[in-house]
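Using full-length UniProt numbering, count along the sequence shown one by one with no gaps and you end on 1059. Quick reminder that beta carbons are idealized off the backbone N, C-alpha and C, glycines included. Accompanying notes for the structure given below.
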Amino acid sequence: MFKRYRDEQIRDLSLDLRDEVDWELKTLRSLKFPRDISVAAIEHVSGLLAVAASRGHVYLFGRPGVECTIPVPSSAKLKALQFAISVYKLVGIDVHNNLFTWDLSTYGKPRLLTNIRIDPSMSVLSTNAGHRSLAISPSHTHAFILLESGRIFTYDLICERASPFKIASLWDIYLEKTASMRFIEKSDVASRKPVDVIVHPRDLNLIFVAYQAGVVLFDLTQQQTLGVYEYTLPPGAPGIAGYGHQAILTHRSPTVTTMSVHPDGHRFVVGYMDGSLAFWAVEDQDEPYLVRSLQALDINLVDHEKLTAATTNASPPKPIDPVFKLAWSGYSNGERIPEGFSTLTIMGGTESDHPSVFTVELLPPFNPPPVNAAAATGSKSLGAPLKDALRKATIPKQTYTYEIEANFVNDLYLLSNGNPHFSGNFDANAILVLSETAHSPSSLQALSFPPPSAAATSVAALDDLLQDLSVDPDPHQLVTSLKMSAMSTGLVDGAIHALDREAYEELVHVKTTSDRLPLNGGEAWSDETQASEMRLTKYQSNRILVTRHRNCMVQFHDISSQLLAGVRPTSIAADFPNTIHDLTIDMAAVMLDPAVMRKISPSSTISLVQLSPESLDTVVCTSTGAVFVFRLDSRSPPSSARGVNDPDLTLLDYSLPRSRYKPYFMLSPGRGPVRACTLSSIGLLAVSFMDGSLYVVDLRGPAIIWKQSEPHRRQKLLSRHTEGPDLTCALRWTVDTHNKIRLAAALASGDCEVLTVENKLGSFGVADTPIVLDAVEDPLVEGVFVVEASGGLSATANQSFQDRIRLVVFAGAKEVKCFKDLDHDDSRVAKASWGTKHGEVQYCQIVEKGTSLALVAVTNKHKVLVYSLPYLEFMHVAQLPPGAASRISIDRTGDFISWTHDGRYGVVEHTIYGTLFGLRRPTALPDIDLQSTRPAIPPQPQPLGAGALEVLGSWFGFSKTLSGEQVDALLAGPNRPLPKPETPAATAPGQNTAANLAKQANATGSNLYNRLNAALGERGQALNNLEEQFNALHQGSQDMVTQAKRLAAQQTGKRWLGF
């Protein structure tokens, strides 16, 4: 360390930060983003979402602020996950056939109840799009678990044991009975593989089991098969491949991939590997009443003329994707969908070159013919009038295609509006899409549902017009937390800013919650043990996190500590970080502007984002070297009809959808990528490029007021030759002692050019001759800092010019220097070298606490070096908290964000929010209370009459449906053990425990076992009261002893001093 002199006008700015106890590096929040998601589950009544991701973690999401991570004991990926709402548990099965259950009623976070190994001989079917191995009805307490062998075993979720009721492979049984009557051989192993198991939506006594060769309807009480639905194409039928198929003159049986049941329980649809859809009536297993694809109808019927023509002029068919998943949704009223209509969501079935789309069809109501006409045939098959009515109800009136920004769609999940029945497909009001993108193997995004075109179309319009296809390339995204959306958007990094209250309130004052994913389950409360620390958060600065994403989004998040203050009776009401969605800047939409497309490539990505903390202007730089300036609509000047004459500037005067930031102009000089950028709150922008050029722009025009087109050349050591352009690596605006606006441009060679901006006749201009200082070689990005020499406040170029001494600090890769103003090279105050003991310095920032300042440097070994100001004396070295990475952003108050990236995709997988000053900063995670919103389960839907279908439906005994209790008794058997006594949910701190105890005593007083438990509880409560009294007495005794010692010491001192 070298000090030129000590100026009496410059006081020690680090006086209150020299003690090591002043520095306490602490992690405040650790966010691990779900990556490589395998399966998800939804609790539809209160609104909870569970997501199983890699490394054995389940992420649980509820209402804003309700988030928690549940570790899987085996640390393995889950292949099945579902909510058991009847017992309020979460059930999961991992890839090693371990079954887990978690109790959702536990206060704090869900508690692991069961961890058992399923019989190794019974491998559970893996769950993916269209394949489900776990079926749990909200009306009873048993789970049906589908095995890869085709068998089904049941699990008692109350007694936590496997029930004796088991179902053999129904397709094996069917093959044995029909082996001599088959057109084609289906005894191979592939045809026996199971696909799905579904509880009948209106009859708990029935279940559908789908195999690759067909679907079986099974009666639990009678333990017999009621129907087998097997689809076979007759010779000559075109199928999905058309009449040019080589095997068109043979029987063909496509492989089943998925199925879905209509809410009325009388119809279901089956999807096949070839991309076809077969619609069946439960009451008729002879043949489907309609077979079609997304491209054609009646593909199972033979057209002899087309068949004859195709034999001479056959063309190869276009490849069609399999139908991966189906969801048939009904609606209770006509608010979002015309009354009586239904929607069929189809994943797959499209041409193979469109893997990132899925389709929603709007199907008309079923209008049955008179019962007499339907029953006139007198046989157990659907007559022509009934088939025609069913057919008309299955031909879509409208088709809507969602196009997702992804490589392909992996799975779909509909979110019901409070109805857990019908597989969660009834009254759907949102859809979750699990997809693979360029930056994530499997991520989740939420979209509005039903489709806008279907919801806005009247019945009259549907009768007049058959709309074949309506493509929306940008489906309406729903608001989710950063933790849920980070992987789908491709979070790259971000910067944290401490804002003044006025600027902060302007950013966050507009609340938009109507487009939020409707998850409302649970409540979150601050940890009561840190209530005193939590109350102090109101004195913390307000902070904003600005992030950039791979999908060309810039997002703003409220990361203020006040969001975590949920002290009773007020619960936490916001996510942390809380994304401010009406500030999102969609650069992909901006780059579709024709004026922009003429100058830059639409495939550009975001390379740099800067926010001015005072003016709130935002600069976004792209990888191709274009610079965009955005302003809040509340601060944007009135639009001007005049243009700009400079070809490097392009005015952008329009608004972005659902964003309060408006594009102002674009700077695109074609100088290559941006190297550094700085924005002042008085309307000046400076940008340096990789070719060594430097531009200064007056935002009030906008107008370029200075540009250095010919870059400096960097000289080789001991040589007359040059190495290349001398890049401007760091920029900073400031105002010097004489109230001159200065731009400090630090070059890679170690020089610093200081440009002076003059205001002449109301316009800015730059003086011709810059001042050159001997700064530091290889300056760090944003490695120039300006502070007040007195008062300890940051000093940047703003509108409050004051006659004060400024200190300018230059931080480079090897050293740091401090200057008094920027007038000449002799104004250097101090210099220090980093050394190599603690690693290479990668990031610097000046932080303040109270009225004191200090310079902190972060190394690649995760060390934090602390230096005094202005004399750069080394004071301390500290270690970043565990898990924190060296890629970090620190605000002026010492709070920081660190980013850990995925090595394969280059996006953030883990971030830590921490602080350098952790004294009395709360770190405990919020307590989650899911019991407070535990839903009341709607009653089980009863069988519906379907007009003409009632005649056939009576053969199956739909009127003899069982209740949930009867199904439980049937599956558990006569020797079912008594359920384990249900332990009361842990009482949240601060609640009225006396009332709860009294209610419990009255409810259980008639049972001896419960009375003994109550007595033991009272005894424990009494002992607790005694313990509290003894503790209070002990504390009082200690206080008395301490006071006596203090008085004795005072008296001794007085006598010794002679008082």
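Backbone CA spacing between residue i and residue j [nearest angstrom]
i, j, result
"residue 138", "residue 421", "7 Å"
"residue 712", "residue 822", "20 Å"
"residue 382", "residue 242", "27 Å"
"residue 508", "residue 755", "36 Å"
"residue 630", "residue 616", "9 Å"
"residue 53", "residue 858", "32 Å"
"residue 673", "residue 826", "35 Å"
"residue 1061", "residue 50", "An answer regarding residue 1061 cannot be provided, because it is not within the stretch 1 to 1059 covered by the chain."
"residue 895", "residue 806", "24 Å"
"residue 873", "residue 524", "45 Å"
"residue 579", "residue 560", "11 Å"
"residue 1067", "residue 848", "This structure cannot speak to residue 1067, because the chain is shown only from 1 to 1059."
"residue 725", "residue 742", "23 Å"
"residue 840", "residue 778", "13 Å"
"residue 396", "residue 320", "20 Å"
"residue 17", "residue 23", "8 Å"
Contacts around residue i, its chain only, beta-carbon distance under 6 Å, and the 5 residues preceding and following it disregarded
i, result
"residue 1062", "Residue 1062 lies beyond the range of the chain shown here (1 to 1059); nothing can be said about it."
"residue 487", "33, 35, 440 and 443"
"residue 532", "none"
"residue 227", "217 and 285"
"residue 964", "139 and 140"
"residue 633", "660 and 662"
"residue 771", "754"
The beta strand (DSSP E) enclosing residue i, as first and last residue numbers
i, result
"residue 411", "408 to 416"
"residue 1062", "What the structure shows of the chain is the stretch from 1 to 1059, and residue 1062 is not part of that stretch, so it cannot be assessed."
"residue 929", "927 to 929"
"residue 194", "194 to 199"
"residue 779", "779 to 788"
"residue 391", "Premise fails: residue 391 lies in the alpha helix (DSSP H), 384 to 392, not in any beta strand (DSSP E)."
"residue 357", "357 to 363"
"residue 663", "661 to 667"
"residue 157", "Segment: none, residue 157 is in no beta strand (DSSP E) and carries neither H nor E."
Per-residue DSSP class, three states only, for residue i
i, result
"residue 21", "helix"
"residue 905", "coil"
"residue 966", "helix"
"residue 243", "coil"
"residue 470", "Interpretation of residue 470 is limited by its pLDDT of 37, a score under 50 that renders its predicted location unreliable; no figure is taken from the coordinates."
"residue 851", "coil"
"residue 1077", "Outside the displayed span of the chain (1 to 1059) sits residue 1077, for which this structure offers no information."
"residue 833", "strand"
"residue 654", "coil"
"residue 1077", "Coverage of the chain is limited to positions 1 through 1059, which leaves residue 1077 absent and any answer about it impossible."
"residue 424", "helix"
"residue 933", "helix"
"residue 452", "helix"
"residue 50", "strand"
"residue 41", "strand"
Close beta carbons around residue i, own chain, < 8 Å, minus the five adjacent residues each side
i, result
"residue 846", "785, 787, 794, 809, 853, 854, 855, 856, 869 and 892"
"residue 461", "Model confidence at residue 461 stands at a pLDDT of 43, short of 50, so the residue's coordinates are unreliable; what they give is reported in the following sentence. Hits under 8 Å: none found."
"residue 249", "235 and 236"
"residue 26", "881, 914, 915, 918, 921 and 923"
"residue 213", "171, 186, 191, 192, 230, 253, 255 and 256"
"residue 367", "389, 392 and 393"
Chain-order list of residues whose beta-carbon lies under 7 Å from that of residue i (same chain, five-residue window excluded)
i, result
"residue 573", "64 and 65"
"residue 899", "493, 885, 887, 908 and 911"
Span of the alpha helix (DSSP H), counted from its first residue to its last, around residue i
i, result
"residue 178", "170 to 178"
Could I get the ranges of all uninterrupted beta strand (DSSP E) runs contained in the region 474 to 535, with 3 residues as the minimum, in chain order?
491 to 499 and 523 to 525
Let me know the beta strand (DSSP E) ranges lying completely inside the region 70 to 141, each 3 residues or longer, listed in chain order.
78 to 84, 89 to 94, 98 to 103, 111 to 117 and 134 to 136
List, from N- to C-terminal side, the alpha helix (DSSP H) runs of 4 residues or more that fit wholly inside the region 277 to 319.
304 to 312
To test your reading of the DSSP string, which unbroken alpha helix (DSSP H) runs of 4 or more residues are found completely within the region 536 to 606?
587 to 590 and 594 to 597
Which full runs of the beta strand (DSSP E) of 3+ residues lie inside the region 716 to 773, going along the chain?
722 to 725, 728 to 735, 741 to 747, 751 to 760 and 763 to 766
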